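I have placed the structure first, in the form of structure tokens, so that the comments after it can refer back to it.
Numbering (the working numbering), first residue to last: 323 to 423.
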């Protein structure tokens, strides 16, 4: 879903930034992360947080977690877990709402 939203809204006051938290040792290596982003055709930026600094700053407890941040830098929506039909529709509606603010 995130890739679809990136493709649909990127450039219209919307962007996607992904933060990668490695689970396994090989996932800590920059080249391996780059290879994975290329293999999965991920075009948006992917930050590598090997020390989980961002994880701690956001007080995350679950993976994956997706945030919508408004133009003022405030977290407005938090979604924990994978997206399904209902949750993806609700999240996209929130994207559209924030874009017109």
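Here a beta-carbon is modelled for each residue, glycine too, at the ideal position from N, C-alpha and C. Here the structure is a predicted model, which is why all the values come from computation and not from measurement.
- For residue 389, no alpha helix (DSSP H) segment is defined; the enclosing uninterrupted segment is the beta strand (DSSP E) at 387-391.
- In terms of Cα proximity to residue 346, the closest of 372, 387, 405 and 406 is 372.
- Distance from the CA of residue 414 to the CA of residue 343, rounded to the nearest whole angstrom, comes to 24 Å.
- Of all alpha-carbon atoms in 367, 378, 417 and 404, the one lying nearest the alpha-carbon of residue 338 is that of 367.
- Per DSSP, the continuous beta strand (DSSP E) segment holding residue 399 begins and ends at 397-402.
- Looking from the CA of residue 326, the closest CA among 422, 405 and 420 belongs to 405.
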